[in-house]
Each structure stands twice: as structure tokens, then as C-alpha cells.
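S.K.: Got a structure here, written out as C-alpha cells. Questions coming.
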């Protein structure tokens, strides 16, 4: 696999090198042609060339600005740090249709101008001489303009805009002035009639109805709240007598703000044998990305406690530098019977700034803290509630969450079999079941042979897993 990737990389580099050599040769022909025109006291091609270069610079900013605006169009402009960029984004958001229509004028005019300005009656090829062959001059203009516009005024600025749309919009402020000036010509005006006609006679008359993806909702919610439950894993181990060991593993993200404590709880339908044991696993500090999904691999390595992967990433476990305390208490549950409610509170001081990631290019640091801890609780017989002849475990996802998984198993000494019946999903409260989510997860849970895994669970929903228990027959029974 590595040899194939290496070969593909070398092939890509080789292809790029050939294209660069071809472009340099075309550039040499262009410069030589301009100099020969000057020798003949014809300065018009040089003036057109200088104008073309200036227009291509303008085009590069206009092209990148298109993607920058498209990316920022649904963002809250008040988040933009630079005042002028913030005002520009607000103005474009109010007139987005005007911006996209008038910006396109630059593309058409500049590319057309560049093509015509490099169409010569003859060109001068170094070490060959002058040629007036129409086919040669045509292909020279086509190849030179295509490569130059594509590389310098299309792909590169657009990739820069995708990398940081806010920064690119800040650098392209002057384009907005040019767009408003050229709008006085009203060149895109007839498209209003074309647009209206096309919508009337085509399916474009129907409005789009696409909801944001769950990953986008998770990312937005996490940034709004300043914290998130990245991953939650629950393991229910059931003994022969009906006693149970409940293990829960949490990866909490703190994105910004002062968070003095973390709390949680676990319920049992019976008595706890002892207070739950809280184990603080790790605390890592990372830079906060705009899109949390970009660091999924890193967060998975933290959750899985993959030391080798974390060492490769240069991440240090800061849990020993954290100063705090862990308190656990048990209360009588509101349920009928002998149920109990265990609560834990982890509180302490924020990590010192010496633990923060290093700043780059004098940009303000926004640290993200990934806090991993485990909870283990042991309950007496009858730990789980019963419903319709099944046992049930309920889990409420109160925070933005990327992944939730649960497994129900019998311990090694118990001759118990576990059969998942269904998984119900509802907002907390009666009569609020989410049917589509319930059907999807029930199919997964019943057919699955391992853990039930939910990607981007519904925030505020209560996940109820129902299962049957049956005694396994002995292998020696007849």
C-alpha cells in the first residue's frame, strides 16, 4: 500500500513538473513577443499585457471572495474580529443575490479580455524565431491563458478561501467597491427574466428542504454552549443473581469559558453495594478548531487511551497538573421500591496557561480541554427496571454528543443469555417518542452482535434499551 502511495505521489509530482515547464516556456514566448513588439515601436501589446496582469490579480480576489462569502453567508457576522470585515460581511449578507450576480461580470470580462489581449498576429519563439502560423498563435493563447487563469486566478485563491474564509474576505474588501461600481452597467439585468422563466417551467420553482447534518448541529451546539460530551460508552454486566456492574466512560470537551465542575449520575432500581468509583483518566489540551470533526481521530485516540498515537501527536496527559476534588453521594430514588440515585461532582481549578498550546503568528489561543474519566458502580439484585416482561436501561443525552454506545453482557460466571428486544428514543416526557430514530436503532440493536453504537444522538433525548434474559442450557444436557 505504501509503495503504491509513493508511486502515485511521484507521478503527481512528475505531472506537475511537466506542466510547470510548459507554462514557463509559454511565459518565455509571451515575454519575447512583447519585447519584439517594443523593438518595432509598438507598445500597445505591452500596455495590454500590464492591464491583463492587473485584471488577473483582481479576478483572483473576486474568485476567492465568492467561496469566502458562500462559506460565511449563514454565519453570525458579529463573530468576525475585524470591524471592516464584519461590516462588509453584513452588507453582502443583506444583498447576496446582488453580490453573486455582479461578481460574475468580472469573470466573463477579465477572461475574455485576457484571451483577446494574448491573441497575436505572430509570436516570437526563443531560439526559433517569429511565426505567423494561425494554428500556433491560437494554441499559444489558449494554453497560456488557460493555465495562467486556472492556477493563479481560480484554484489557488479558492483553496485559500476554503482554508480561511474570514481572512480571505478581509483581504478582498476592495473587490466589493469594484462590484458596486460595475453594477451601474446593469449587465446581469436580463437574467432576472431568464431566472423567472426557468423557475416557472422547471422543477426549480420548488423550495429546497434539507436540514443541517447532525455533525453540523453537534459542532454548532458545542461551540454555542462551550462544552460537549464527545463520547459516552456504557457497559452493563449482569450476574446470575441479577446484580449488575455499571461502567460508564465519558470524554468531555471544554471549548471556552470557565468550567468549575463536572457532574453526573447513575440510577439503580436496587441498592448500590458501595459508592460508585470515579477514575480520572486523562486531560489533554488542544487548539480549538472551527469544525470539531476535523479532530475526530485525535479524540478517538484519547478515548481509546492509545498511548502510541497520542505520543505521535505530541499530546501530554495533564491530569497530574489538575488541582481538584471528587465527591460522590447516594440518595434514595424517587422510584417505587428500593432504588437509589448516585451523584458525583468533579470540581477544581482551570489548568494554568502554561499548559495551553503555543500561539501561532500572534493569533489568540483558544484552548480545548479533553477530559476523560470513568465511573464504576455495583448494584444488588434487581438493578434494572422491568417493562413488558423485559429489563430496561435508560440514558438521557443532555449535552451535544458525537457518539454514544452501550453493551449489555452477562458476567463470566453467569449462565445467562442476553437478547436485545428493542431500543426506544424519546424526548424526556410522555408521548414524545421519535419513531424514525426508534425503528432505525431497534433494527441495529437486534441484528447487531456487539455494541449498539449511535452517531450524533439526539440532544435531550432519552435512549431506552430493552432486553430479555434467559438461562443458557448446559453443554452436557441431553
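In my numbering, the protein residues as written are 158 to 635.
We put the CB at the ideal spot given by N, CA and C, even for glycine.
For residue 624 and residue 167, I'd like the C-alpha separation in whole angstroms.
M.R.: 55 Å
S.K.: Grouping DSSP H, G and I as helix and E and B as strand, with all else coil, what is residue 481?
M.R.: strand
S.K.: So if DSSP puts residue 404 in a beta bridge, which residue, or which two residues, is it bridged to?
M.R.: 392 and 533
S.K.: From what residue to what residue does the beta strand (DSSP E) around residue 580 run?
M.R.: 573–584
S.K.: Determine the extent of the beta strand (DSSP E) in which residue 239 is found, giving its start and end residues.
M.R.: That residue, residue 239, is in no beta strand (DSSP E); it is neither H nor E in DSSP.
S.K.: Where does residue 315 sit, in a helix, a strand or coil, going by DSSP?
M.R.: Correct three-state label for residue 315: helix.
S.K.: What do you get for residue 376, buried or exposed, if any count of 16 or more other CB atoms within 10 angstroms of its CB means buried?
M.R.: By the neighbour-count criterion, in which 16 or more other beta carbons inside 10 Å mark a residue as buried, residue 376 falls on the buried side.
S.K.: In chain order, what residues of the same chain lie with their CB nearer than 6 Å to the CB of residue 633, ignoring the 5 residues before and after it?
M.R.: Because residue 633 carries a pLDDT of 45, less than 50, the predicted location of this residue cannot be relied on, and the following value inherits that uncertainty. Within the same chain, residue 633 has no close Cβ partners at all.
S.K.: Label residue 523 either buried or exposed according to how many other C-beta atoms from any shown protein chain fall within 10 Å of its C-beta, with 16 as the threshold for buried.
M.R.: exposed
S.K.: Does the segment 198–207 come close enough to the segment 318–327 that 3 or more CB-CB pairs lie under 8 Å?
M.R.: no
S.K.: So, does the segment 522–536 touch the segment 590–597, judging by three or more C-beta pairs under 8 Å?
M.R.: no
S.K.: Give the single residue among 196, 601, 337 and 372 whose Cα lies nearest to the Cα of residue 449.
M.R.: 372
S.K.: Between the Cα of residue 426 and the Cα atoms of 384, 496, 457 and 437, which residue gives the shortest distance?
M.R.: 496
S.K.: What is the DSSP secondary structure of residue 383, reduced to helix, strand or coil?
M.R.: coil
S.K.: Taking all protein chains shown into account, do 16 or more other C-beta atoms lie within 10 angstroms of the C-beta of residue 171, making it buried, or fewer, making it exposed?
M.R.: The residue is exposed, with fewer than 16 neighbouring Cβ atoms inside 10 Å.
S.K.: Measure the alpha-carbon distance for residue 216 versus residue 210 and round it to whole angstroms.
M.R.: 10 Å
S.K.: Going by DSSP, what residue range makes up the beta strand (DSSP E) through residue 498?
M.R.: 497–505
S.K.: Hey, would you say residue 439 sits closer than 7 Å to residue 556, going by beta carbons?
M.R.: Annotated as distal: residue 439 and residue 556, with beta-carbon spacing of 7 Å or more.
S.K.: Cα separation between residue 335 and residue 214?
M.R.: 13 Å
S.K.: Measuring CB atoms only, is the segment 541–549 touching the segment 405–412, in the sense that at least three cross pairs come out at less than 8 Å?
M.R.: These segments do not touch.
S.K.: Got a sec, what are the start and stop residues for the alpha helix (DSSP H) residue 300 sits in?
M.R.: Residues 291–305.
S.K.: From residue 307 to residue 292, what distance separates their C-alpha atoms?
M.R.: 22 Å
S.K.: Can you tell me whether residue 254 is buried or exposed, with buried defined as 16 or more other CB within 10 angstroms of its CB?
M.R.: exposed
S.K.: If you run the structure through DSSP and keep just helix, strand and coil, what is residue 627?
M.R.: In this structure, DSSP gives residue 627 an extended state, which the three-state scheme calls strand.
S.K.: Which value, in whole angstroms, describes the spacing of the CA atoms of residue 288 and residue 236?
M.R.: Rounded to the nearest whole angstrom, the C-alpha separation of residue 288 and residue 236 is 58 Å.
S.K.: Could you pull out every residue in the same chain whose Cβ sits closer than 7 Å to the Cβ of residue 433, ignoring the five residues on either side in sequence?
M.R.: 423, 485, 499, 501, 532, 533 and 534
S.K.: If distances are taken between C-alpha atoms only, which option among 566, 603, 567 and 568 comes closest to residue 581?
M.R.: It is 603 whose Cα lies nearest to the Cα of residue 581.
S.K.: Suppose you measure from the CA of residue 635 to the CA of residue 628; what does that come to, to the nearest Å?
M.R.: Note that residue 635 scores 34 on pLDDT, short of 50, meaning its location in the model is unreliable and no value can be drawn from it.
S.K.: Alpha carbon to alpha carbon, what distance is there between residue 343 and residue 357?
M.R.: Approximately 23 Å, taken between the alpha carbons.
S.K.: Measure from the alpha carbon of residue 544 to the alpha carbon of each residue in 238, 299, 617 and 622, then state which is nearest.
M.R.: 622
S.K.: Look at the alpha carbon of residue 395 and the alpha carbon of residue 566, and state the distance between them as a whole number of angstroms.
M.R.: 6 Å
S.K.: Which residues does DSSP list as the beta-bridge partners of residue 549?
M.R.: 542 and 623
S.K.: Please state whether DSSP places residue 358 in a helix, a strand or coil.
M.R.: helix
S.K.: Apart from the five residues just before and just after residue 641, which ones in its own chain have a Cβ nearer than 7 Å to its Cβ?
M.R.: Here the chain covers residues 158 to 635 and nothing more, so residue 641 does not appear.
S.K.: According to DSSP, is residue 409 helix, strand or coil?
M.R.: strand
S.K.: What separation, rounded to the nearest whole angstrom, lies between the Cα atoms of residue 250 and residue 616?
M.R.: 30 Å
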